[in-house]
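Under my numbering, think of the first position of the sequence shown as 33, with each following residue one higher.
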Amino acid sequence: MNHFARLTAVLLCLAVTSVPYAQDAADKAAQDTKKAREPDVIYVPTPQDVVDKMLELAKVQKDELLYDLGCGDGRIVATAAKKYGCHAVGYDIDPRRIKESLETVKKNQVESLVKIEQKDIFTLDLSAANVITLYLLPRLNVRLIPQLEKLKPGSRIVSHDFRMKGIKPDTVVDFKSKDGGGDHQIYLWTTPLKKSKPTTPTSG
Ligand SMILES: C[S@@+](CC[C@H](N)C(=O)[O-])C[C@H]1O[C@@H](n2cnc3c(N)ncnc32)[C@H](O)[C@@H]1O
């Protein structure tokens, strides 16, 4: 074999054997990206009495499924399961919140009813849920509309403090919290979502 042929053979061999390594590197990069994805909003817990009021307004039933989108320490899903006996799933993108949520679920002994999953809420199919709880930001609520429109009729969405521009709430409740202090608002929507009329500038 001449020099050129030997070099070609070596390069060919290297290319073949490096494919699995390239795949490993791609997998690792994908995992790192998942780890590095920053939450869209920082973690602030909903005071416990506000959680209780949100669930009361949503009229959660035992045979229903509740999703908390951005579940923080898991207090909403744990309370829903403990108080109403429903199934619930808490989703969060931050691994620290997932760890805390799992601890909350364990502490409240609701492991058989509650699941906690590390996922980006904007990738979820929400159609199985009957109740959705939110404590995000107004613009994130709006970003969720295409997913929320796929909920079954009669599903309820409750949001701590933030509205959903363009969608008319059924109720807005002002609530004074003893647990967290301060004034809070709770928004309730029932599906199908009702688009609010666009405001027209007044003439004259
Ligand atoms: C304001 S906290 C609310 C926590 C909890 N729902 C409560 O009311 O106590 C918002 C949570 O959303 C999570 N989050 C932000 N962006 C997210 C995303 N794209 N997917 C999943 N979770 C996200 C944050 O990590 C944080 O825990």
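All residues carry an ideal CB built from backbone N, CA and C; glycine is no exception.
Here's a check: name, in chain order, each residue in its chain whose Cβ is nearer than 6 Å to the Cβ of residue i, leaving out the five neighbours to either side.
| i | result |
| --- | --- |
| LYS114 | ASN140 and VAL142 |
| THR203 | LEU220 |
| ASP152 | ILE125 |
If I'm right that residue i touches residue j with Cβ under 8 Å, what's the distance once you round it to whole angstroms?
| i | j | result |
| --- | --- | --- |
| VAL137 | VAL92 | Contact doesn't hold; Cβ gap of about 17 Å is too wide. |
| VAL109 | ASP100 | 5 Å |
| GLY117 | CYS103 | Going by Cβ atoms, the distance from GLY117 to CYS103 rounds to 19 Å, so no, they are not a contact pair. |
| PRO201 | TYR219 | 5 Å |
| LEU172 | VAL73 | 6 Å |
| VAL146 | THR165 | At roughly 13 Å, the Cβ-Cβ gap does not stay under 8 Å, so VAL146 and THR165 are not in contact. |
Counting only the same chain and skipping the five closest in sequence on each side, list residues whose C-beta sits under 7 Å from that of residue i.
| i | result |
| --- | --- |
| ASP206 | ASP215 and GLN217 |
| ASP81 | SER209, LYS210 and ASP211 |
| LYS197 | PRO170 and VAL174 |
| PHE154 | ARG175 |
| ASP105 | PRO77, ARG129, GLU132, SER133 and THR136 |
Could you check the C-alpha separation between residue i and residue j for me, to the nearest Å?
| i | j | result |
| --- | --- | --- |
| TYR167 | ALA112 | 15 Å |
| LYS131 | ARG195 | 29 Å |
| SER144 | LYS227 | 37 Å |
| VAL250 | ARG107 | Outside the shown range of the chain (33 to 236) lies residue 250, about which nothing can therefore be said. |
| THR78 | GLU88 | 15 Å |
| ARG128 | ILE148 | 12 Å |
| ILE177 | LYS85 | 23 Å |
| ALA161 | GLY213 | 31 Å |
| PRO71 | GLU135 | 20 Å |
| LEU98 | HIS192 | 15 Å |
| ALA54 | GLN150 | Low per-residue confidence applies at ALA54: pLDDT is 44, beneath 50, and the placement is therefore not dependable, though the value from the model is reported in the following sentence. Their Cα atoms are separated by approximately 26 Å. |
| VAL48 | ILE199 | The predicted position of VAL48 is uncertain, since its pLDDT is 40 and thus under 50; no value can be drawn from it. |
Are residue i and residue j close, meaning C-beta to C-beta below 8 Å?
| i | j | result |
| --- | --- | --- |
| ALA90 | ARG188 | yes |
| LEU180 | LEU158 | yes |
Go through its chain and collect everything with a Cβ distance to residue i's Cβ below 8 Å, but skip five positions before and after it.
| i | result |
| --- | --- |
| PRO185 | THR223 and PRO224 |
| LYS182 | ASP157, LEU158 and SER159 |
| ARG69 | ILE125 and ASP152 |
Give a single yes or no on whether residue i has its beta carbon closer than 7 Å to a heavy atom of ligand 3.
| i | result |
| --- | --- |
| ILE177 | The model depicted lacks ligand 3 and carries ligand 1 instead. |
Item to check | In chain order, each beta strand (DSSP E) run of at least 3 residues that lies wholly inside the segment 70 to 139 | outcome: 97 to 101 and 119 to 124
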